[in-house]
Amino acid sequence: MEVVSIRPSATRRESLHREGETSTENAFGGPTEAIDLYLACPDGECELEAWVAAAAGRLDTLVALDAVREQYWGTEDLLHRMQEVLEWGADGKARPYENGGLVGITADARRLDAWGHYALRLALGAESESRRWLARNEAQLFRARVRGAARGDALAALLRSLLSTTAAAATTHRDTVERVPLEQVPPGLYRTLRSDGYALIRAALHDQGEVGTGNLESGIIPAYRLPFERALRFLAPSRTAYLQDGYAYLPEPALCALLEEAMERHVATATERLHRQLSGDDLAADAQLAPLVTYLQQQLADAFRQRQRRENIVGSGSRGRRHPGAAGDPLHLDQLDEALPCMPLCMQQLLRQLRQTGHLRHGARLQLGLFLKGAGFTLEESLEFWRRALQVNSNGMRIAPGAFEREYAYGIRYNYGLEGKRKDFPPFSCAKILEMRPGHGEVHGCPYRELSADALRQELLANGGALTAAAAAADVEDIVQTATAAGQPQHACGKCFQAITRTAGPESTSVASATDADAATRTFVTQHPNDYLLQARAALLPSPPSDASP
Numbered sequence: 001m002e003v004v005s006i007r008p009s010a011t012r013r014e015s016l017h018r019e020g021e022t023s024t025e026n027a028f029g030g031p032t033e034a035i036d037l038y039l040a041c042p043d044g045e046c047e048l049e050a051w052v053a054a055a056a057g058r059l060d061t062l063v064a065l066d067a068v069r070e071q072y073w074g075t076e077d078l079l080h081r082m083q084e085v086l087e088w089g090a091d092g093k094a095r096p097y098e099n100g101g102l103v104g105i106t107a108d109a110r111r112l113d114a115w116g117h118y119a120l121r122l123a124l125g126a127e128s129e130s131r132r133w134l135a136r137n138e139a140q141l142f143r144a145r146v147r148g149a150a151r152g153d154a155l156a157a158l159l160r161s162l163l164s165t166t167a168a169a170a171t172t173h174r175d176t177v178e179r180v181p182l183e184q185v186p187p188g189l190y191r192t193l194r195s196d197g198y199a200l201i202r203a204a205l206h207d208q209g210e211v212g213t214g215n216l217e218s219g220i221i222p223a224y225r226l227p228f229e230r231a232l233r234f235l236a237p238s239r240t241a242y243l244q245d246g247y248a249y250l251p252e253p254a255l256c257a258l259l260e261e262a263m264e265r266h267v268a269t270a271t272e273r274l275h276r277q278l279s280g281d282d283l284a285a286d287a288q289l290a291p292l293v294t295y296l297q298q299q300l301a302d303a304f305r306q307r308q309r310r311e312n313i314v315g316s317g318s319r320g321r322r323h324p325g326a327a328g329d330p331l332h333l334d335q336l337d338e339a340l341p342c343m344p345l346c347m348q349q350l351l352r353q354l355r356q357t358g359h360l361r362h363g364a365r366l367q368l369g370l371f372l373k374g375a376g377f378t379l380e381e382s383l384e385f386w387r388r389a390l391q392v393n394s395n396g397m398r399i400a401p402g403a404f405e406r407e408y409a410y411g412i413r414y415n416y417g418l419e420g421k422r423k424d425f426p427p428f429s430c431a432k433i434l435e436m437r438p439g440h441g442e443v444h445g446c447p448y449r450e451l452s453a454d455a456l457r458q459e460l461l462a463n464g465g466a467l468t469a470a471a472a473a474a475d476v477e478d479i480v481q482t483a484t485a486a487g488q489p490q491h492a493c494g495k496c497f498q499a500i501t502r503t504a505g506p507e508s509t510s511v512a513s514a515t516d517a518d519a520a521t522r523t524f525v526t527q528h529p530n531d532y533l534l535q536a537r538a539a540l541l542p543s544p545p546s547d548a549s550p
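Residues in the sequence shown are numbered from 1 upward in steps of one, following UniProt numbering.
Below, the structure is given as structure tokens:
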């Protein structure tokens, strides 16, 4: 087993270790045992395979967090969804390091976590785009960890440590960040939070089961004080914090936002500094680092391509056509039956219901219609599809000649941006579908969330695409248990994809030998039905013959 020694040279040590800060409170450069600020790269030795696995696993987590941020940005569910990613991991497995175990984690595990972080700095810091991506998503990871493990004075200590890494720290002594005792909180802060500052605390109040701001004076949301110049974003253009005697008074959620910003600046600055002092030749000549760096760069490039593909498929403005450059061919009406086994279970269920009953209620028509539009159906194909498929109305009466044009065609044209507000609606993501809870007699939504274990098992066997041919009974039971017992519908959908295609998921790339053993156990977490369809078609349907001459 090959062992790598991680002891930065003088140049790397100057780059990887923090510069000019005060003494650290623990061996990992952070003021609490639970949170690592990555101010210094720890020395030590580990197996090369373990290091590669740590770096690859961390990259998978950052990619998953990036997807969650994209879907839930600006909603109250963002932090909850991020925490779910950390607790279960991008591979669908429980992760005790994140799942409430930060404080009690061993020093070896924390050291390996830090080495995974610094491996990403080495691999992704050369290009400005990947460097910004790394800094932004490391800050997201940091924010989620802080939310689960740090409160009160620990938050203030974390921010003080991060502020001390900035250039401004050398020119000012106004770096006081402290929690304010309840009896010393200015009443003006409560007035501010009940008006312009309410947006800062709405999610925190919701988490605590509060329906209003009547209990603010009891200290349900801690307050902090710091120099006003450190909190300008909360003072202008609108004042969402309270200003008094040159200090800004902030609620805890605002302090967490400042922590995230400070962490993003710290990672971006430190990574850029590292690559200014290292050359590409240094990394290319290192027999141990070069394969790791190349692999991580390829993994991130694959993630970028998958996101671009998803944007090409689901972005607005398509009017039923894919954007130029999208991978895969558009799906057309005459290819629908051929593509049916490649569709996710939610869409197969809707199509089966439509063909059996000749009717779908509005929510189901919207979910299926936008999916087919995103898959490639033109407006004319959508109109023809629904004209053939819809046989009865909501009262069970057959649709009379001409009634389709009056009752249904307008809605289809509306979805393509040709009626009403002329907004070109994109297909629903998994996040949106999970929010669409069906009522009595309705069949839309996510079957992995809505169906009982027995009903889901029957649905999988009836509509699981190639599942019945490709998967053993154990695969079906694993999918059912993931959806019902574990409560992870998107993981269950990903396991269905894997059982059908027998791959590690879309955009799966052969990992270095260090992680080959784990590739088969990785779970693709479905994010969008159209992405599922695209990847399943690529995996299951034969490729067209090449026109290239031999």
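Idealized CB from N, CA, C, for every residue including glycine. No experiment lies behind these values; they were computed from the predicted model shown.
Checklist line | Sequence-distant residues of its chain with Cβ nearer than 6 Å to Q488 (five each side left out) | finding: The residues are T482.
Check: So, is M397 buried or exposed, given that buried needs 16 or more other C-beta atoms within 10 angstroms?
Finding: By the neighbour-count definition (other C-beta atoms within 10 Å, threshold 16), M397 is an exposed residue.
Item checked: Segment limits, beta strand (DSSP E) that includes R225 -> Where R225 is concerned, the enclosing beta strand (DSSP E) stretches over A223 to P227.
Check: Which of the three DSSP states, helix, strand or coil, is assigned to E384?
Finding: Secondary structure of E384 (DSSP, three-state): helix.
Check: Can you pull the DSSP bridge partners for V180?
Finding: Assignment of beta-bridge partners to V180 by DSSP yields A223.
Checklist line | Nearest residue (CA-CA) to N395, options A536, G441 and F385 | finding: N395 has its Cα closest to that of G441, out of A536, G441 and F385.
Note to self: So for N530, helix, strand or coil by DSSP?
What the structure shows: In this structure, N530 counts as helix in the three-state DSSP scheme.
Notebook entry, point to check: Which term fits Q356, buried or exposed, when burial requires 16 or more other beta carbons within 10 angstroms of its beta carbon?
Noted result: It is exposed - the Cβ of Q356 has fewer than 16 other Cβ atoms within 10 Å.
Margin query: Just to confirm before moving on: does the CB-CB distance between R449 and T271 stay below 7 Å?
Written below: Cβ atoms of R449 and T271: not closer than 7 Å.
Next item on the list: Using alpha carbons as the reference points, say which of R387, L345, E47 and R136 lies closest to E260.
Entry: The closest CA to that of E260, considering only R387, L345, E47 and R136, is found on R136.
Check: What number of angstroms, rounded off, separates the C-alpha of C493 from the C-alpha of L235?
Finding: Distance between the alpha carbons of C493 and L235 is about 45 Å.
Margin query: According to DSSP, is G29 part of a helix, a strand, or is it coil?
Written below: Residue placement at G29 cannot be trusted, given a pLDDT of 43 that sits under 50; what the coordinates show is reported in the next sentence. Residue state, collapsed to three classes: coil.
Check: So, is T106 buried or exposed, given that buried needs 16 or more other C-beta atoms within 10 angstroms?
Finding: Exposed.
Notebook entry, point to check: Hey, how far is the Cα of R58 from the Cα of A109?
Noted result: Roughly 13 Å separates the two Cα atoms.
Item checked: Touch test, the stretch 397-408 against the stretch 444-458, Cβ-Cβ under 8 Å, three pairs minimum -> Taking 8 Å as the limit for Cβ pairs, the verdict is that the stretch 444-458 does not touch the stretch 397-408.
Notebook entry, point to check: Looking only at C-alpha atoms, which of V293, V177 and Y414 sits nearest to G125?
Noted result: When each option's Cα is compared against that of G125, the closest is V293.
Item checked: Q490 - containing alpha helix (DSSP H), residue span -> From DSSP, the alpha helix (DSSP H) with Q490 extends over P489 to T501.
Item checked: Three-state secondary structure (DSSP) of P447 -> Assigned with DSSP and collapsed to three states, P447 falls in helix.
Notebook entry, point to check: What first and last residue would you give for the alpha helix (DSSP H) that runs through L232?
Noted result: No residue range can be given for L232, since it is assigned to no alpha helix (DSSP H) and is classified by DSSP as neither H nor E.
Next item on the list: Mind checking which residues open and close the beta strand (DSSP E) that includes A400?
Entry: Segment: none, A400 is in no beta strand (DSSP E) and carries neither H nor E.
Check: In its own chain, which residues sit with a C-beta less than 6 Å from the C-beta of G188, not counting the 5 before and 5 after it?
Finding: Y242, listed in sequence order.
Check: Hey, is the stretch 331-338 in contact with the stretch 408-423, meaning 3+ C-beta pairs nearer than 8 Å?
Finding: Contact between the stretch 331-338 and the stretch 408-423 is absent: fewer than three C-beta pairs spanning the two stretches fall below 8 Å.
Check: Which partner residues does P251 have in the DSSP bridge list?
Finding: Under DSSP, P251 forms a beta bridge with A223.
Checklist line | Cα-Cα separation, residue 552 to E49 | finding: Here the chain comprises residues numbered 1 to 550, so residue 552 is not present and cannot be evaluated.
Item checked: Environment of W115 [buried if 16+ CB atoms lie within 10 Å] -> Under the 10 Å beta carbon count, W115 is surrounded by 16 or more other beta carbons and is classified as buried.
Margin query: Given this structure, state the Cα-to-Cα distance separating T509 from Q299, to the nearest angstrom.
Written below: Only weak support is given to the placement of T509: the predicted model assigns it a pLDDT of 33, under 50, and the value that follows is read from those uncertain coordinates. Distance from the CA atom of T509 to the CA atom of Q299, rounded to whole angstroms, is 7 Å.
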